[in-house]
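Beneath this line is the structure, given in structure tokens, with notes to follow.
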Amino acid sequence: LNDAGDLVVDKYLSLNKIGHALHWLSPSFRRITFSPKVKQLVQRLGFVDPVVVQSMYIFKNPGIGGEVIPHQDSTYLHSTPDPKVIGLWFALEDATTENGCLSFIPGSHQDELHTQWVRTSDGNPSMKLTKECKKFEDKSFVETPVSKGSAVLIDGLVVHRSDVNHSSAGRPIYTFHIFDQNNRFWDPLNWLQPTPDLPFPSLYNN
251 LNDAGDLVVD KYLSLNKIGH ALHWLSPSFR RITFSPKVKQ LVQRLGFVDP VVVQSMYIFK
311 NPGIGGEVIP HQDSTYLHST PDPKVIGLWF ALEDATTENG CLSFIPGSHQ DELHTQWVRT
371 SDGNPSMKLT KECKKFEDKS FVETPVSKGS AVLIDGLVVH RSDVNHSSAG RPIYTFHIFD
431 QNNRFWDPLN WLQPTPDLPF PSLYNN
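Per the numbering used here, the sequence shown runs over residues 251 to 456.
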């Protein structure tokens with residue numbers, strides 16, 4: 251946007267993401283999310299009763315695709331008594347060091363959850379962090395470029411980020427998150443909650 255609040259790029263290049271129910275409302279993304287390959291993979295990871303909680307198409311358009319700061323997905327998608335969330339991240343074009351590929355801190359999936367993003371009160375949409383976000387050194391991160399069609403598995407506790415898209419090409423991806431509700435409860439203070447119209451669908455039974 252310029253100082254007058256007008257778009258300075260084509261409106262189709264100004265989009266950040268579309269979410270958070272593509273896995274259920276879009277036949278194309280639903281077919282990918284509930285595919286036999288995904289089910290087999292999640293079974294091999296030991297998930298007993300997985301449900302899909304949310305999905306996103308992230309554009310990361312050239313020149314304006316912004317930085318995603320270091321975080322753990324379970325900060326926003328938390329369960330008790332322990333976090334059991336995994337993200338599946340599909341590269342729809344090559345993800346490179348120039349266009350903002352993912353970067354990870356190796357071994358950080360073994361750490362504790364550093365903070366939570368929670369509702370401030372019942373019925374109130376405002377949110378807060380339970381603790382100040384932990385600071386991480388740049389040298390701790392390992393860039394992870396992948397080719398188009400690759401799938402990246404992201405543990406809910408692993409610390410990851412992505413840089414600004416400095417290239418002339420987009421870095422679109424499709425991602426969704428799965429929660430294993432076996433002997434666990436979805437935190438009622440999470441920003442995202444199931445509803446009667448859109449419950450969290452079972453991965454194995456759809």
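Built from N, CA and C at the ideal position, the CB exists for glycine as well.
Bridge-paired residues (DSSP) for residue i
{"i": "A345", "result": "V396"}
{"i": "I282", "result": "BP columns for I282 are empty, so no partner."}
{"i": "H410", "result": "H321 and F354"}
{"i": "K389", "result": "BP columns for K389 are empty, so no partner."}
{"i": "F530", "result": "Since the first residue shown for the chain is 251 and the last is 456, residue 530 is missing from the structure and cannot be characterised."}
{"i": "P300", "result": "D430"}
{"i": "I314", "result": "Answer by DSSP bridge pairing: none, since I314 is not bridged."}
{"i": "T330", "result": "F435"}
{"i": "K267", "result": "I308"}
{"i": "W367", "result": "L379"}
{"i": "V335", "result": "F429"}
Pairwise C-alpha distance: residue j and residue i
{"i": "T394", "j": "L352", "result": "6 Å"}
{"i": "A262", "j": "P331", "result": "Note that residue 262 is Tyr in the sequence shown, not Ala. Straight-line Cα distance between these residues: approximately 42 Å."}
{"i": "H416", "j": "T347", "result": "9 Å"}
{"i": "F391", "j": "C383", "result": "16 Å"}
{"i": "S418", "j": "G313", "result": "7 Å"}
{"i": "V302", "j": "V292", "result": "11 Å"}
{"i": "N311", "j": "T380", "result": "32 Å"}
{"i": "P375", "j": "V298", "result": "32 Å"}
{"i": "L257", "j": "I355", "result": "36 Å"}
{"i": "D388", "j": "P446", "result": "43 Å"}
{"i": "D361", "j": "L342", "result": "30 Å"}
Residue i and residue j closer than 8 Å at C-beta
{"i": "K398", "j": "D323", "result": "no"}
{"i": "R411", "j": "S329", "result": "no"}
{"i": "F219", "j": "I268", "result": "Given a span of 251 to 456 for the chain in the structure shown, any question on residue 219 remains unanswerable."}
{"i": "V368", "j": "L442", "result": "no"}
{"i": "L327", "j": "F429", "result": "yes"}
{"i": "G337", "j": "I282", "result": "no"}
{"i": "L407", "j": "P333", "result": "yes"}
{"i": "N456", "j": "F284", "result": "yes"}
{"i": "V414", "j": "G315", "result": "yes"}
{"i": "P320", "j": "V396", "result": "no"}
{"i": "L251", "j": "F309", "result": "no"}
{"i": "H270", "j": "Q304", "result": "yes"}
{"i": "G350", "j": "R294", "result": "no"}
Rounded distance between the beta-carbons of residue j and residue i, thought under 8 Å
{"i": "F386", "j": "H273", "result": "Rounded, the Cβ-Cβ distance is 30 Å, inconsistent with contact."}
{"i": "K287", "j": "Y454", "result": "So it is not a contact: roughly 13 Å between Cβ atoms."}
{"i": "L275", "j": "T325", "result": "Contact doesn't hold; Cβ gap of about 26 Å is too wide."}
Heavy atom of the ligand ADP within 7 Å of residue i beta-carbon
{"i": "A345", "result": "Absent from the structure shown: the ligand ADP. Ligands present: none."}
Which whole runs of the beta strand (DSSP E) in the region 412-439 are 3 residues long or more, in chain order?
423-430
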